[in-house]
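Novice: Below you'll find the structure I mean.
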Amino acid sequence: MTQAELIDALAEQADLSRATAGKALAVLIGVVTEALKQGDEVRIAGFGTFGVAERGERRGRNPQTGETITIAASRGAKFTAAKAVKDALNGG
1 MTQAELIDAL AEQADLSRAT AGKALAVLIG VVTEALKQGD EVRIAGFGTF GVAERGERRG
61 RNPQTGETIT IAASRGAKFT AAKAVKDALN GG
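Printed below as a string of structure tokens:
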């Protein structure tokens, strides 16, 4: 599902205009992103938890030259689905 398709579905199911649904989605994404930047978790009951995964510095290899390189530590977003979502995906 693309962002445009998600906005269409939100607009239809919540009886909103596409513009209002688009703004609501943009605000949700912004709020979640800002919370993650601050290192917080965002828990949405019945849906899941957005969090930050810390990746340590590690050794890698340049596939073109074979040279060993150091890959810097980084942070990435992670999502853990709630039990209700897992059950829905597995026929529950």
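UniProt numbering puts the last residue of the sequence shown at 92; the count rises by one with no breaks. We treat Cβ as the ideally placed atom computed from N, Cα and C, and that holds for glycine.
1. So, with DSSP's three-state summary, where would you put T20?
2. Which residue comes first and which comes last in the beta strand (DSSP E) that contains E54?
3. Under a Cβ-count criterion, where at least 16 other Cβ atoms within 10 Å of its own Cβ denotes burial, should I71 be classed as buried or exposed?
4. Between the C-alpha atoms of R43 and F50, what's the straight-line distance to the nearest angstrom?
5. Taking just the CA atoms, how far does G46 sit from A84?
6. Please classify A81 as buried or exposed, where buried requires at least 16 other C-beta atoms within 10 Å of its C-beta.
Specialist: This is what the structure holds:
1. Counting from 1 along the sequence shown, the entry for residue 20 is found at position 20. Annotated three-state conformation of T20 is helix, per DSSP.
2. Taking the first residue of the sequence shown as 1, we reach residue 54 at position 54. From DSSP, the beta strand (DSSP E) with E54 extends over 48–55.
3. One-based indexing of the sequence shown puts residue 71 at position 71. The residue in question, I71, is exposed, as its Cβ has fewer than 16 Cβ neighbours within 10 Å.
4. Position 43 of the sequence shown, counted from the start, is the residue given in the question as residue 43. Position 50 of the sequence shown, counted from the start, is the residue given in the question as residue 50. Their Cα atoms are separated by approximately 6 Å.
5. Here residue 84 is taken as the residue at index 84 of the sequence shown, counted from 1. Here residue 46 is taken as the residue at index 46 of the sequence shown, counted from 1. Cα to Cα, the separation comes out at about 6 Å.
6. Taking the sequence shown and counting its residues from 1, the one referred to as residue 81 is at position 81. Residue environment for A81: exposed (fewer than 16 other C-beta atoms within 10 angstroms of its C-beta).
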